[in-house]
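For the sequence shown, numbering that gives the first Met the number 0 assigns the number 0 to the initial residue and increments by one for each residue that follows.
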Amino acid sequence: MKTVVSKETSRKTSVAAFSVHRRVPVRNEFLAGMDSDFLYHLGFSSSQDLKSMFGDVKFFCCGGSAQRMGEFAQKVANEIGPRGEGELPFGLKPCKIGKTDRYSIFKVGPVLISNHGMGMPSMSILLHEVTKALHYADAKDVTYFRLGSSGGVGVSPGTVLLTTEGMNGLVEPHYSLPILGKMVHRPAILDVSLAESIVTAAKKRLQDVKVEMGKTMGADCFYEGQGRLDGALCAYNEDDKMQFLRLLNKRGIRNIEMEATMFAAFTHELNIRAAVACVTLLNRLEGDQVLATPEELEEWDERPGDVVLAYIKEELGL
Ligand code: R2B
Ligand code: URA
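Right, here's the structure in full:
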């Protein structure tokens, strides 16, 4: 099988750097020739008035669980809702949009919110369809965020990690996908200056949350792919596992989850500003099982959203 490395990115970056307002991009010449594009998993189509539904979106936040993202939508509504004399020029009541059997999508003013399920294939479907919806809606200057959970690598549980770069399970800085029988590798690059701005906003507005930056490994498996000893299958020992986790730590990887690499590669390929904020539920150098109490987990699960919301509020001048 031939290996193909994507070469589109550097050219696109330099072109985009000079444009003032930037429509959410797609790069597929076939889309323009379609009479109507049905976004099957979201349950709406380009024939609908997507501009009035999504034209004002500026921030797209996604995370694994539908319930958690629904709660986040409510928090966004509470925090960016009408205050003082002025009202934001957006609708503010979170309600689900479209089909909800696969993904639950909410819109709160300029913030579009969705769950993405677990793993990169599920993330990929959502990103393709949401990006097309925002493109058809003529939404401009939209920043994408993944809010998630992860296993820390030498990081204390409860810390929120802002990803600087995604790594795959082979500890390489790209996302690989077989396309038409050939392996295509796309660099899993994120906007580090955006990550820094999020850290700054979080440090300014949230006193009790520890926020750090580092590389993230996006694995295709929670168990063997993350070097756990507690899956139903395991053909290595504790020493092999620790050697691997120490190697990750030495290469600057601070957490492991299951979507960042695809998310980074997709957004980088389309030159969409994007960030990944994941809380660590455990330190993998100390174990495999997530043994935090339900109360701790509930509190920690809110932290990535709080961190990103701190940034959004700075951007909105609230
Ligand atoms: C973090 O948590 C999930 C697995 O438990 C997965 O979606 C991820 O990236
Ligand atoms: N999610 C993961 O993918 N890995 C962990 O260790 C914890 C949460």
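Even glycine gets a Cβ: it sits at the ideal position worked out from N, Cα and C.
Computed from a predicted structure; not experimentally measured.
If residue i and residue j are in contact, beta carbons under 8 Å, what's the gap, nearest whole angstrom?
i	j	result
Phe302	Thr142	It should be pointed out that residue 302 corresponds to Arg in this sequence rather than to Phe. That belief does not hold up - the Cβ atoms of Arg302 and Thr142 are roughly 19 Å apart, past 8 Å.
Leu146	Phe53	Leu146 to Phe53, Cβ: 19 Å. No contact.
Ile197	Val107	Contact flag wrong, Cβ pair sits at about 19 Å.
Thr215	Leu160	7 Å
Gly118	Gly165	Contact doesn't hold; Cβ gap of about 14 Å is too wide.
Gly62	Phe71	7 Å
Ala187	Ala264	5 Å
Asp140	Lys50	The pair is not a contact, with the Cβ atoms about 15 Å apart (cut-off 8 Å).
Pro109	Lys74	Contact flag wrong, Cβ pair sits at about 15 Å.
Val183	Leu176	6 Å
Ala194	Ala291	Not confirmed; about 25 Å, so no contact.
Between the Cα of residue i and those of the options, spot the shortest distance and give me the residue it belongs to.
i	options	result
Gly116	Ser64, Ile178, Leu38, Pro177	Ser64
Tyr102	Thr266, Lys57, Val170, Val129	Val129
Arg26	Gly180, His127, Cys220, Met68	His127
Glu68	Gln47, Phe58, Ile79, Ile104	Note that residue 68 is Met in the sequence shown here, rather than Glu. It is Ile104.
Lys240	Arg250, Leu232, Leu228	Leu228
Ala200	Phe37, Leu41, Tyr310, Gln47	Tyr310
Arg204	Asp34, Gly32, Gly316	Gly316
Asn167	Met261, Leu232, Ile178	Met261
Lys131	Cys220, Val183, Tyr39	Tyr39
Tyr135	Pro177, Leu176, Thr162, Asp36	Asp36
Leu125	Leu280, Phe59, Gln66, Pro177	Phe59
Gln47	Asp238, Leu133, Val278, Gly286	Leu133
Asp300	Phe144, Tyr222, Glu171, Leu280	Leu280
Leu247	Leu232, Gly226, Gly230, Glu237	Gly226
Phe243	Ala274, Glu223, Leu232	Glu223
Thr163	Leu232, Gly213, Asn270	Gly213
Arg185	Val191, Leu269, Arg250	Leu269
Leu284	Ile252, Glu298, Lys312, Leu41	Ile252
Asp287	Asn236, Pro120, Asp190	Asn236
Asp190	Leu296, Ala234, Ala276	Ala276
Gly32	Ser45, Tyr174, Cys233, Lys181	Ser45
Assuming residue i is part of the alpha helix (DSSP H), what are its boundary residues?
i	result
Glu70	65-79
Ala234	Run containing Ala234: none; DSSP gives neither H nor E here.
His267	259-268
Gly304	293-315
Val129	119-135
Leu41	Looking at the DSSP string, Leu41 is not in any alpha helix (DSSP H), and its letter there is neither H nor E.
Ser113	Unbroken run through Ser113 is the beta strand (DSSP E), 110-114; no alpha helix (DSSP H).
Met52	49-53
Which residues mark the beginning and the end of the beta strand (DSSP E) in which residue i is found?
i	result
Tyr174	173-178
Gly62	58-62
Gly151	142-151
Pro186	181-186
Thr21	Position check: residue 21 holds Arg in this sequence, whereas Thr was assumed. Run containing Arg21: none; DSSP gives neither H nor E here.
Arg204	Not the beta strand (DSSP E): Arg204 falls in the alpha helix (DSSP H), residues 191-204.
Ala274	273-282
Asn254	252-256
Leu161	159-166
Met212	210-217
Phe29	From DSSP, Phe29 is part of no beta strand (DSSP E); its letter is neither H nor E.
At a Cβ threshold of 8 Å, is residue i touching chain B?
i	result
Asp287	Absent from the structure: chain B. Only one protein chain is present.
Cβ contact (3+ pairs, closer than 8 Å) linking the segment 248-259 and the segment 134-154: yes
Below 8 Å, can you find three or more Cβ-Cβ pairs linking the segment 206-224 to the segment 151-168? yes
Could you name the residues, in chain order, whose CB is less than 6 Å away from a heavy atom belonging to ligand 1? Result (chain order): Gly63, Met117, Gly147, Ser148, Ser149, Phe221, Glu256, Met257, Glu258.
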